[in-house]
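Asker: This is the structure, below, for whatever I ask next.
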Amino acid sequence: MYLNFLSMKTKFLNLLLVCCFCLVLANEEFCPQNCECKRSVAQKGPADFLKLKCGDTEKITELDEIGLSNIASEIIQFNLSNNLLTLFEPKIQLIALQKLDLSRNQLKYLSKDQFSELPNLRRLDISQNLISQIDIFSFSNLKKLERLKLNLNQISFLLEGTFDPLISLKQLEIANNPLICDCGSLWLLDWSQKTSVKLVSNPKCGSPQSLKGLPLRKLKLSRDKDCTNAHKYGGASIVVLKPFDKQIVFEGIPSNYNVKHLL
Ligand SMILES: *[C@@H]1O[C@H](CO)[C@@H](O)[C@H](O)[C@H]1NC(C)=O
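Laid out in structure tokens, this is it:
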């Protein structure tokens, strides 16, 4: 009987050891393949938070390659810089995420509600991609975003109101984009003044040729005088041309645009 009890005790201890071992293993395995994980203790509350950086050994082409389901609620920083992502559309909510680095990928456009699963994001870096189109509802839901980097992309045109949902925004970086400086982009200056959002790195005009290189903030088009036919939200726009600029190909500009010779 006593021997039996002893053997049971050993069995129990063994089981306990195995369990501990499993726990240690499970803890080590929280990090998805091809990612680097760092735990950090939260400033508030008992939970640990996770900093995640993926794509070091092999470049990531789709977000689905990363097993996020077990750690989604703990990720506070997510670094996906220097990968081959053409889309970023998380299917699960990343509730703790504050800092997302998507720089140096292959994103071509930002679509409606693209970041809706990231309600606590504070910094978003999408610089050095191939973005030429941004849906007017791309940034809806990013109410806590403070810094947005869109520099070094292919953005020529932004719809008025694109940044309106970003009620906490302090800094916007859109330098090094081929911005068309016409009445359609005037709103950007008005908006940044009205909201005190800082346009950092002195964004410049990419076209028309006569204004190329001119800092956006020096653009002296007057909404009343020069842009009277321009309407809000993708309506007609006036492209400012010097009289000798007769042969300009308007790539991607709809034919309903009015071209008015002003200078
Ligand atoms: C992300 O990783 C890259 C190196 O791959 C680094 O240069 C960059 O600073 C990191 N981003 C953040 C926000 O820490």
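Just so you know, the sequence shown maps onto residues -26 to -1, 1 to 237 in mature numbering (1 follows the signal peptide of the UniProt record, and there is no 0). Note that CB positions come from ideal geometry on N, CA and C, so glycine has one too. Because the structure is a prediction, the values reported are computed rather than measured.
Helix, strand or coil for G41 per DSSP?
Answerer: coil
Asker: At which residues does the beta strand (DSSP E) containing D164 begin and terminate?
Answerer: Where D164 is concerned, there is no enclosing beta strand (DSSP E), although the alpha helix (DSSP H) it sits in stretches over 160 to 169.
Asker: For E48, count neighbouring C-beta atoms within 10 Å of its own C-beta (all shown protein chains included) and say buried if the count is 16 or more, exposed if not.
Answerer: buried
Asker: With hydrogens ignored, establish whether the beta-carbon of K27 is closer than 7 Å to any heavy atom of ligand 1.
Answerer: yes
Asker: Within the present structure, is the beta-carbon of S47 separated from the nearest heavy atom of ligand 3 by less than 7 Å?
Answerer: The ligand content of the structure shown is limited to ligand 1, which means ligand 3 is not among them.
Asker: Specify, as a first and last residue, the run of the beta strand (DSSP E) that F62 falls within.
Answerer: Here F62 belongs to no beta strand (DSSP E), and DSSP marks it neither H nor E.
Asker: Is the CB-CB distance between L71 and I100 below 8 Å?
Answerer: no
Asker: Output the residue ranges of the beta strand (DSSP E) runs that lie fully inside the region 72 to 99 and measure 3 residues or longer, sorted by chain position.
Answerer: Assignment of beta strand (DSSP E) within the region 72 to 99, counting only whole runs of 3 or more residues, yields 73 to 75, 97 to 99 in chain order.
Asker: Suppose the cutoff is 6 Å on Cβ atoms and the five residues either side in sequence are ignored; what does the same chain contact list for S181 look like?
Answerer: I154
Asker: Tell me whether residue 242, by its Cβ, gets closer than 7 Å to a heavy atom of ligand 1.
Answerer: Residue 242 falls outside the range modelled here, since the chain spans only -26 to 237, and no answer is possible.
Asker: If I follow the unbroken beta strand (DSSP E) through K123, where does it start and stop?
Answerer: Note, K123: beta strand (DSSP E), 121 to 123.
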